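S.K.:
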Amino acid sequence: MDKAISPTALPTIGQPFAGGFYAGRVYFDGAEHAVIDSGRSFEVDACWWERGGPRPRIRGATSRYDGFANTKAMAAEGSAIAIKVLGANIRGTWGWHIPSIEELQVLRANLLQIEGWGHGPGGRDNHAPERFCLHEYWSSSQKENSATAWCLHMLPWCVPDSNWVSACKGIRPVKVMQIKSGAFVHAPSTDAPPTEADLRGLANQAAVASVIERFVNEDAGKFYGRTDALVAELAAIAGGRT
Numbered sequence: 001m002d003k004a005i006s007p008t009a010l011p012t013i014g015q016p017f018a019g020g021f022y023a024g025r026v027y028f029d030g031a032e033h034a035v036i037d038s039g040r041s042f043e044v045d046a047c048w049w050e051r052g053g054p055r056p057r058i059r060g061a062t063s064r065y066d067g068f069a070n071t072k073a074m075a076a077e078g079s080a081i082a083i084k085v086l087g088a089n090i091r092g093t094w095g096w097h098i099p100s101i102e103e104l105q106v107l108r109a110n111l112l113q114i115e116g117w118g119h120g121p122g123g124r125d126n127h128a129p130e131r132f133c134l135h136e137y138w139s140s141s142q143k144e145n146s147a148t149a150w151c152l153h154m155l156p157w158c159v160p161d162s163n164w165v166s167a168c169k170g171i172r173p174v175k176v177m178q179i180k181s182g183a184f185v186h187a188p189s190t191d192a193p194p195t196e197a198d199l200r201g202l203a204n205q206a207a208v209a210s211v212i213e214r215f216v217n218e219d220a221g222k223f224y225g226r227t228d229a230l231v232a233e234l235a236a237i238a239g240g241r242t
């Protein structure tokens, strides 16, 4: 994973960034991360697990958020596609992985709103330059205690599903970059708790009535004197100075 970046360095959704295209943010491990899509040119059709025999249950590949950790765990168990993606150099950059299910949802939720990814105000565009060529894509998130993994149809209305890891689906490499958290910390002066006024002195009804009688003529229904003088005397009563 690359070093942390300032949020001010992030472009708008869909713009070129860090060897791919900026897709949005995902939060995990106490920090926000920028999700970067590799684009159409680097997606492949592959099996999550291509070997014969019992389907694996990889304990280190069950994170719904950290796709890089999942992909490393898959590679350690011998997944060919995980090894391939981890070793990929895309547009001169490294650090790519198979997206977690939540990273994959960032791509679906944000990029499908952009015409360049095949779904815009005019509907589906099969000639969009960065479109998702396949309908269903693998995530690197394996379902806990199961030989299945989470997958997602890249259509605007779809939600995650799961399937046997031996099935072949689309793989769309991504990378994430941690976003510096310091930029979101407000100055202490803006976070100071509001001052609470102590108005217990106004419970002295006799004192309050005495002040108001000097400023208000009930018979005539008129106010006499200066407003600031009335406020000052009531404030003095509230503060217990009379």
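So the sequence shown is numbered by UniProt numbering: it starts at 1 and just counts up by one.
Built from N, CA and C at the ideal position, the CB exists for glycine as well.
Model, not experiment: these values are computed from the prediction.
Are the beta-carbon atoms belonging to R64 and I101 less than 8 Å from one another?
M.R.: Yes, these two residues count as a Cβ contact at 8 Å.
S.K.: Could you check what DSSP says for V208 in three-state terms: helix, strand or coil?
M.R.: The answer is helix: DSSP assigns V208 an H, G or I state.
S.K.: In this structure, does DSSP put residue 278 in helix, strand or coil?
M.R.: Missing from the structure shown is residue 278; the chain here goes from 1 to 242 and no further.
S.K.: Under the assumption that P173 contacts W96 (Cβ atoms under 8 Å), give the Cβ distance between them as a whole number of angstroms.
M.R.: So it is a contact: roughly 4 Å between Cβ atoms.
S.K.: Per DSSP, which residues does K175 bridge with? Please list them.
M.R.: K175 pairs with I36.
S.K.: Between which two residues does the beta strand (DSSP E) carrying V26 extend?
M.R.: Counting along the chain, the beta strand (DSSP E) containing V26 begins and ends at G20 to F28.
S.K.: Out of curiosity, what's the CA-to-CA distance linking P16 and A9?
M.R.: Whole-angstrom Cα-Cα distance: 12 Å.
S.K.: Using a threshold of 8 Å, state whether the C-beta atoms of I90 and F132 are closer than that.
M.R.: Contact flag unset, no.
S.K.: Could you check whether the segment 51 to 64 touches the segment 129 to 143, counting it as contact only if at least three pairs of C-beta atoms, one from each stretch, sit closer than 8 Å?
M.R.: These segments touch.
S.K.: Alpha carbons only, please: which of L134, E115, E213 and N70 is nearest the one belonging to G225?
M.R.: Comparing Cα positions, the closest option is E213.
S.K.: Output the boundary residues of the beta strand (DSSP E) element that contains N163.
M.R.: D161 to W164 is the extent of the beta strand (DSSP E) around N163.
S.K.: Could you name the residues of the same chain whose beta carbon sits closer than 6 Å to that of V106, not counting the 5 residues immediately before and after it, in chain order?
M.R.: Once the five neighbours on either side are set aside, the close Cβ partners of V106 are A23, G24, V26 and V35.
S.K.: Please name the residue, chosen from I5, V211 and R108, that lies closest to W136 on a Cα-to-Cα basis.
M.R.: Checking the sequence, you will find Glu at residue 136 rather than Trp. If we check each option's Cα against that of E136, R108 comes out closest.
S.K.: Please tell me whether G103 and W117 are closer than 8 Å, where the distance is taken between their beta carbons.
M.R.: The sequence shown places Glu at residue 103, rather than the Gly named in the question. Contact: no.
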